[in-house]
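**Q**
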Amino acid sequence: MAQGKAEVWRPADTSPPVPETPGSEIFRPDILDEIERKIEEMSDELRVLSLDIHAHPELRYEEERTHDVVTKFMSEHGFEVQQHYHLPTAWLATYKHGQGGRTIGVNSEMDALPAIGHACGHNLICISGVAVACAMKAALEKFNISATIQLLGTPAEEGGAGKLRLMKSGAYKDMAACLMCHPAPGPKGSVSLSSCLAVQQLSVEYFGHTAHAALSPWEGINALDAAVLAYNNISALRQQLKPTVRVHGIFQGKDWAVNVIPDYANYKCYIRASTAAELGDVVKRILPCFPAAAQATGCEHKITMEEPLTDIRQNKALGDEVARVIRSRYGGIDYEWGIHSASTDFGNVTYALPSLHPGFAIPTVLNGGNHTRDFAAAAATPAAHQACLDVSKALAATGIRVLIDGAYFAEVKRTFEESQQL
1 MAQGKAEVWR PADTSPPVPE TPGSEIFRPD ILDEIERKIE EMSDELRVLS
51 LDIHAHPELR YEEERTHDVV TKFMSEHGFE VQQHYHLPTA WLATYKHGQG
101 GRTIGVNSEM DALPAIGHAC GHNLICISGV AVACAMKAAL EKFNISATIQ
151 LLGTPAEEGG AGKLRLMKSG AYKDMAACLM CHPAPGPKGS VSLSSCLAVQ
201 QLSVEYFGHT AHAALSPWEG INALDAAVLA YNNISALRQQ LKPTVRVHGI
251 FQGKDWAVNV IPDYANYKCY IRASTAAELG DVVKRILPCF PAAAQATGCE
301 HKITMEEPLT DIRQNKALGD EVARVIRSRY GGIDYEWGIH SASTDFGNVT
351 YALPSLHPGF AIPTVLNGGN HTRDFAAAAA TPAAHQACLD VSKALAATGI
401 RVLIDGAYFA EVKRTFEESQ QL
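UniProt numbering puts the first residue of the sequence shown at 1, with every later residue one more than the last.
1) With a threshold of 16 other CB atoms inside 10 Å of the CB of Ile250, please say whether the residue is buried or exposed.
2) Kindly list the residues whose CB is nearer than 8 Å to the CB of Ala384, restricted to its own chain and excluding five residues on each side of it in sequence; keep chain order.
3) Specify, as a first and last residue, the run of the beta strand (DSSP E) that His248 falls within.
4) So, is Pro22 buried or exposed, given that buried needs 16 or more other C-beta atoms within 10 angstroms?
5) Count the other CB atoms within 10 Å of the CB of Gly170; is the residue buried (16 or more) or exposed (fewer)?
6) In whole angstroms, what separates the C-alpha of Leu422 from that of Ala139?
7) If I follow the unbroken beta strand (DSSP E) through Lys316, where does it start and stop?
8) List the residues that DSSP assigns as beta-bridge partners of Thr304.
9) Using a Cβ-Cβ cutoff of less than 7 Å, which residues in the same chain neighbour Asp374 once the five nearest sequence positions on both sides are dropped?
10) In chain order, what residues of the same chain lie with their CB nearer than 6 Å to the CB of Ile31, ignoring the 5 residues before and after it?
11) Start and end of the alpha helix (DSSP H) containing His122?
12) Contact check, Arg272 vs Ser343 under 8 Å by CB: the rounded distance?
13) Touch check for the segment 219-231 and the segment 336-351: three-plus C-beta pairs under 8 Å?
14) Per DSSP, which one or two residues make a beta bridge with Ile149?
15) Determine, using beta carbons only, whether Val391 and Val191 come nearer to each other than 8 Å.
16) Would you give the residue range spanned by the alpha helix (DSSP H) that Cys289 belongs to?
17) Can you give the Cα-Cα distance for Leu287 and Lys137, rounded to whole angstroms?
18) Asp334 lies in the beta strand (DSSP E); which residues open and close that run?
19) Please state the DSSP three-state secondary structure of Ala2.
20) Less than 8 Å between the C-beta atoms of Leu151 and Ala90, yes or no?
21) Please state if the CB of Leu202 and the CB of Ile53 are separated by a distance shorter than 8 Å.
22) Kindly indicate the opening and closing residues of the alpha helix (DSSP H) around Ser274.
23) In three-state DSSP terms, what is Cys178?
24) Pick helix, strand or coil for Phe360, following the three-state DSSP scheme.
25) Which value, in whole angstroms, describes the spacing of the CA atoms of Cys388 and Ser128?
26) Within this structure, are the beta carbons of Asp311 and Ala198 separated by less than 8 Å?
27) Compute the beta-carbon to beta-carbon distance between Ile326 and Ile333, rounded to the nearest angstrom, for a pair I have assumed lies under 8 Å.
28) May I ask you to report which of helix, strand or coil DSSP gives Ile221?
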């Protein structure tokens, strides 16, 4: 995910002013009061859950312990739970009240990163989904609202495209809209409605021939040289790429030894661009770098491309509602911070149905943004916990409005359809 640096928050020019009377622009403040009450009531147990997840980081598609801990939690809070939902470590917690009504979706992420644990704050994302779902359940019960809540536990956001696999399996088909959030560096008290970058993940394998690296190197065909040439080809292309484009990768090998010409190398590469459409154009420019390296070194090569992940299309109506709630009670809104230069598999969800993925700022040290050990430490702090609860309140209030305000939901659908024309 993207890194950032702390600065004084300045509202974007497009932001409407803070209402003169706090709460004057809130839809059904009585419902928001109930949501606040429920989330604050659950704060301590949500904190315990967050720290438990944080202390036991699990990598993509290996989130067995987190799966069991969170599904037990949701079952104890009155949700019907389907374990191992479409994927081994995915799950679905459902609560239905009354007859009929719309279905609101919420996502909880669970996976961590190799070596650096919850350095993207997925422990906070997970408990935010739990908080949103439980708060909306309380509101449905108190105000006798007929509707359904679906909290979807989504594995493998970090490089595994778990949501894409779940979407193809039909996990999102009943949702009228879907909500989640993500921690990031940023100004204190701010919630970001920025987008993110679309990404193409690919792997290029080079196949050569071993030889003694000193005695007879001319007998070898060096696969590592091919991977290095591909890397340098891309570096030479960078001057002609837009500043918003990101290309980065690593080399991987097997059975390498200093005195043996490597006969195998794998260049794993991510290509990112502002939109899915732009990404396609950038990928076309970069792909020739790989066979050129193979030809220059005499290697064979094989390119494996994952299905691309899109940018986030923040639903405007959903975002405007979250902004109203945040400004009235919790802090400020910006359109520049968040995860603007990172990528997420939730982007594909936003292309498929009305969705929102705000970022929320948590305190970090200088150069301690996402995917650092410092950010992992920040994700366990009390300040990060409170920031997570505040954005969860705004998301829950927005979710309830989707369920009970027909005119508002029509606007949500209209702005979604509008974004589909872009």
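Just so you know, even glycine gets a beta-carbon here, dropped at the ideal spot from N, CA and C.
**A** Let me lay it out:
1) Per the 10 Å Cβ criterion, exposed.
2) Cβ within range, chain order: Gly121, Leu124, Pro183, Ile362, Pro363 and Ala378.
3) Note, His248: beta strand (DSSP E), Arg246 to Gln252.
4) Model confidence at Pro22 stands at a pLDDT of 47, short of 50, so the residue's coordinates are unreliable; what they give is reported in the following sentence. Exposed is the call here.
5) Exposed, by the Cβ-count rule.
6) So the alpha carbons of these two residues sit roughly 36 Å apart.
7) Segment Lys316 to Arg329 is the alpha helix (DSSP H) holding Lys316; no beta strand (DSSP E) there.
8) Its beta-bridge partners are Ser203.
9) Around Asp374: Thr364, Val365 and Gly368.
10) The residues are Ala139 and Ile400.
11) Run containing His122: His122 to Lys142, per the alpha helix (DSSP H) assignment.
12) Indeed they touch by this definition, with Cβ atoms about 6 Å apart.
13) Two segments are said to touch when three or more pairs of C-beta atoms, one from each, lie closer than 8 Å; by this definition the segment 219-231 does not touch the segment 336-351.
14) DSSP lists Tyr95 and Ile104 as the bridge partner or partners of Ile149.
15) Yes, these two residues count as a Cβ contact at 8 Å.
16) Boundaries of the alpha helix (DSSP H) around Cys289: Cys289 to Thr297.
17) Taking the straight line joining both Cα atoms gives about 49 Å.
18) Membership of Asp334 in the beta strand (DSSP E) is indicated by the continuous run Gly332 to Asp334.
19) Low local confidence applies: a pLDDT of 38 at Ala2 is under 50, so the model's placement there is unreliable, with the coordinate-based value given in what follows. Coil, per DSSP.
20) Taking the C-beta atoms as reference points, Ala90 is found no nearer than 8 Å to Leu151.
21) The Cβ atoms of Ile53 and Leu202 lie no closer than 8 Å to each other.
22) Where Ser274 is concerned, there is no enclosing alpha helix (DSSP H), given that its DSSP letter is neither H nor E.
23) DSSP, read as helix, strand or coil, puts Cys178 in strand.
24) Note: Phe360 maps to strand in three-state DSSP.
25) The alpha-carbon of Cys388 is positioned some 6 Å away from that of Ser128.
26) Yes. Within cutoff.
27) That pair is a contact at about 6 Å.
28) Here Ile221 sits in strand by DSSP.
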